[in-house]
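K.L.:
I am attaching a structure below and will ask some questions about it afterwards.
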Amino acid sequence: MNDSENKILGELRSWLENLGSRKLTDWEDIPDIELYMDQVVGYIDRQLAYIKSDEEKTLTPAMVNNYVKLGTLPKPEGKKYGKAHIARLFPLCVLKQILPLPVIAAAIDDFTRMIGGGQAFDRYSDIQNAALAGAAGAALSAYTEGESIDTLEVCAFELAIQAAANRIVAEKILAAAEKLKKSERAAAKERAKQDKERQKQEKERQKEQAEKLKKDKEKEKQPE
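Taking the working numbering, the leading residue of the sequence shown gets 13, the next gets one more, and so forth.
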């Protein structure tokens, strides 16, 4: 290989090594102070710079506004975004290429509810770090210095197949979860309807009893 090819492969190897050793921030390291839109965008962009391509925009003000409009990100307090907003933006930015935003938002809500805010983010961070390190490690294992990039291309194809399989399974699971939630909501709505009907019937019964009691008392007052 010529110097130009060696340089390209060297840069790729360095990026893979860096990817395997980098760690997504922890919950306690996310700023506790509320930030304005531009500050949030800048912070997320810096934190995720190591996994994005040079041309890719990790986050823009328009994206944030769209997330809020869709309900996938809570509305800011005034014009400022808090720690929970920032933490939620990490998986939204990383997973938006894999799953629809409403599906990601629902999964984040369930994940957070089951584990708890700060712990849920740290768990997400651990999973993300392990997944990236695993993918980078697989690529590094597939390549021997001095060889062509062919083996890495095969590795990339295998990683893409695995990613597609993971997406298929994830979508199926989340779709089933959404069906169950809809069923539970429908059942809760039906129970509420039945409770309301029972309350109505009970009120009518009490009203009838009161009217009967009143008539009985009036009869008692009448002279024989």
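Every residue, glycine too, gets a C-beta built ideally from N, C-alpha and C.
Between which two residues does the alpha helix (DSSP H) carrying residue 170 extend?
P.N.:
Where residue 170 is concerned, the enclosing alpha helix (DSSP H) stretches over 162-233.
K.L.:
What are the partner residues of residue 92, as DSSP defines its beta bridges?
P.N.:
Paired residues: 48, 89.
K.L.:
Report the CB separation of residue 52 from residue 80 in whole angstroms; it is logged as a contact under 8 Å.
P.N.:
12 Å between Cβ atoms; not a contact.
K.L.:
Hey, residue 113 and residue 104 are a contact pair by Cβ (cut 8 Å); roughly how many whole angstroms apart?
P.N.:
Confirmed, about 7 Å.
K.L.:
Where do the N-terminal and C-terminal ends of the alpha helix (DSSP H) with residue 43 fall, by residue?
P.N.:
Careful: residue 43 lies outside any alpha helix (DSSP H) and carries neither H nor E.
K.L.:
Less than 8 Å between the C-beta atoms of residue 99 and residue 39, yes or no?
P.N.:
Yes; because the gap between Cβ atoms is below 8 Å, this pair is in contact.
K.L.:
Could you tell me whether the Cβ atoms of residue 145 and residue 32 are closer together than 8 Å?
P.N.:
Cβ atoms of residue 145 and residue 32: closer than 8 Å.
K.L.:
How big is the Cα-Cα spacing for residue 115 and residue 186?
P.N.:
Cα-Cα distance, rounded: 7 Å.
K.L.:
For residue 62 and residue 25, I'd like the C-alpha separation in whole angstroms.
P.N.:
One C-alpha to the other measures close to 14 Å.
K.L.:
Helix, strand or coil for residue 78 per DSSP?
P.N.:
DSSP places residue 78 in helix when its eight states are reduced to three.
K.L.:
Using a Cβ-Cβ cut-off of 8 Å, state whether residue 204 counts as contacting chain B.
P.N.:
Going by chain labels, chain B is absent from the structure shown, which holds only one protein chain.
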